[in-house]
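Residue numbers (the working numbering), protein chains in the order written: chain A, 61 to 276; chain B, 61 to 276.
Taking it in order: structure first as structure tokens, then the write-up.
In structure tokens, the structure reads:
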């Protein structure tokens, strides 16, 4: 059965993006520091067409994620890398370049209907205007075999999926940094919030990978 | 040299107490769930005059904490277990019973001068009215040998100590639970917030112990 997951880097104070996000810095002030562990992992570099990088626990966790990926759901802001409205979207083809790093079908939550967009390297953006349940259904159908549907972000989209009971398990990579402001991942989780169980901890000097199951 | 630390259980969504704290439930709704790992640890039970409990990683982390304790600083609400003002304080001798579980000198941050209070089992409450630097100085003098000064809480007091650059290292015990509201530990950390380094990770099925150093 297709599992629904998310997998995000988070500061110790709970932010997945720092203050004052902009087109130039979509992750806000110091937000890039959340992803240093990934930038230096060999597996991440390879998926992004870069050479070099480090092997080890972080690279293995990243590789696991890449191998499990069947389809992606993301919010509109994550798609276009900005706060602006659709009409003046500065990145009509998305923020992710001509060859986005997903290499699987991506479903973008939006209020504005639009034709699918086929990018290089196996990523297709499909725009879903009828809510997260519909996006979840399309992503489930698109995810091949036993691969997962990964809610990539932002925090809003993940919170919607959590509230709707659509997440089976998730991983947070806790970076040893305080951002002091920005976008909190675990907010507005519903009342009561979902019950979770610790599934696995992988530690490296750069980051702590915490994986949880959502109780059925 | 005396180190300044803190050591708190935190939910995955960053809370050290749940919503709607009261005299009956000073940790708020579901707040007790943060401390389940401690309640079942043999070392914690012994320090609280209880028998039984489990050995293992969690008990060792707890024992380490108990052994390192030289003095404690806490906020007034943590002392009396409530939100009420001093005058109508329902617990003039504190929330912690006749034999509080600290067994070392405790310095309480308050605006109201008061004579020290000697409790059973080695805990003395001293009330400090001239701010955190003064409390830190008194606690440093009281901590014997190479033992630590432990800022016990609440979140407010810890944030003040972090902003003042008075914390050397700290540990958070991340409980596999969402509280969905309450008191966040890592908030109002100053601008820029302190730089930290991951020092140690101890994992058990019940909780993840993350220890960090504050960069000098």
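Quick reminder that beta carbons are idealized off the backbone N, C-alpha and C, glycines included.
- In this structure residue 89/A is buried. Its beta-carbon is surrounded by 16 or more other beta-carbon atoms within 10 angstroms.
- The beta-carbon of residue 200/A is placed no less than 9 Å from the nearest beta-carbon of chain B.
- Taken in chain order, the complete alpha helix (DSSP H) segments of 4 or more residues contained in the region 166 to 202 of chain B are 191 to 202.
- The three-state secondary structure of residue 91/B, taken from DSSP, is helix.
- The secondary-structure analysis by DSSP pairs residue 268/B across a beta bridge with 234/B and 263/B.
- Membership of residue 131/B in the beta strand (DSSP E) is indicated by the continuous run 129 to 135.
- Look at residue 256/A here: in three-state DSSP terms it is strand.
- One Cα belongs to residue 125/B, the other to residue 87/A, and the distance between them is close to 37 Å.
- Counting the other Cβ atoms within 10 Å of the Cβ of residue 161/B gives fewer than 16, which makes it exposed.
- Residues of chain A with a Cβ closer than 8 Å to the Cβ of residue 256/B are, in chain order, 72, 236, 237 and 238.
- Residue 65/A is outside the set of residues whose beta carbon lies under 9 Å from a beta carbon in chain B.
- Interface annotation, residue 170/A: not in contact with chain B, CB-CB separation never under 9 Å.
- Rounded to the nearest whole angstrom, the CA to CA distance from residue 122/A to residue 105/A is 10 Å.
- Residue 246/B is classed as buried because its beta carbon has at least 16 other beta carbons within 10 Å across all chains shown.
- In this structure, residue 163/B places its C-beta atom within 9 Å of the C-beta atom of residue 181/B.
- Under DSSP, residue 77/A forms a beta bridge with 243/A.
- Under a 10 Å Cβ-count criterion, residue 206/A is classified as exposed, with fewer than 16 other Cβ atoms of the shown protein chains found around its own Cβ.
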